[in-house]
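Peer 1: Okay, so the sequence shown: first residue is 1358 according to my numbering, each after it adds one.
For each residue, glycine too, the CB sits at the ideal point set by N, CA and C.
A quick note: this is a predicted structure, and the numbers were derived from the prediction, not measured.
Input: one structure, supplied below.
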Amino acid sequence: MPRNERIQTNRRDFLKISVRGIFLTTVLQLGLPFPAAANAPKEILLTYDAAAKTLTVQITHSSSSPTFHYIEKVEIKKGGKTISTTDYKSQPDQATFSYVYPIEAAPGDVLEVKASCSILGSRTEKLTVNQ
């Protein structure tokens, strides 16, 4: 193969590799920030109202895109047994928000709440119902 053709072939190969490298780098840069920005709920505060028989779950979970990165599921257990599971498709715009659930509980019951992020992580908190 003459020298001129080898140079042309090498240039084409180099161009193909360069374009592929740029494409791959772009895909990685666009794809990696989302998981890096994901976070588990920062805080969960639980309050049980015995008269109303409701459990208020206050969650702190910041998100710049609450329809993409949000609290996806809240699971409530009483005495270690799941009594409520609620799935969500988004979360309120504020970083701290509350959900209220109708729950029957007696003094001494242990309520456990697990809030799961749609992308990464979860947090679990427990509350012993007062007398």
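Tell me the DSSP bridge mates of E1469?
Peer 2: K1434 and K1483
Peer 1: Check the C-beta distance from P1398 over to A1452 and give it rounded, since I have them as a contact under 8 Å.
Peer 2: With 8 Å as the limit, P1398 and A1452 do not qualify as a contact, their Cβ atoms being about 10 Å apart.
Peer 1: Would you mind sorting A1409 into buried or exposed? The rule is 16 or more other CB atoms within 10 Å of its CB.
Peer 2: exposed
Peer 1: To the nearest angstrom, report how far apart V1467 and K1483 are at their CA atoms.
Peer 2: Separation of V1467 and K1483 (C-alpha to C-alpha, rounded to the nearest whole angstrom) is 7 Å.
Peer 1: Report the option in A1407, I1401 and Q1448 whose CA atom is closest to the CA atom of S1421.
Peer 2: Selection A1407, I1401 and Q1448 evaluated against S1421 yields Q1448 as nearest (Cα-Cα).
Peer 1: Could you spell out the range, first to last residue, of the beta strand (DSSP E) harbouring I1460?
Peer 2: No beta strand (DSSP E) contains I1460, which DSSP labels as neither H nor E.
Peer 1: Between S1455 and I1416, what straight-line distance do the alpha-carbon atoms span, to the nearest angstrom?
Peer 2: 6 Å
Peer 1: What separation, rounded to the nearest whole angstrom, lies between the Cα atoms of E1400 and Y1427?
Peer 2: 14 Å
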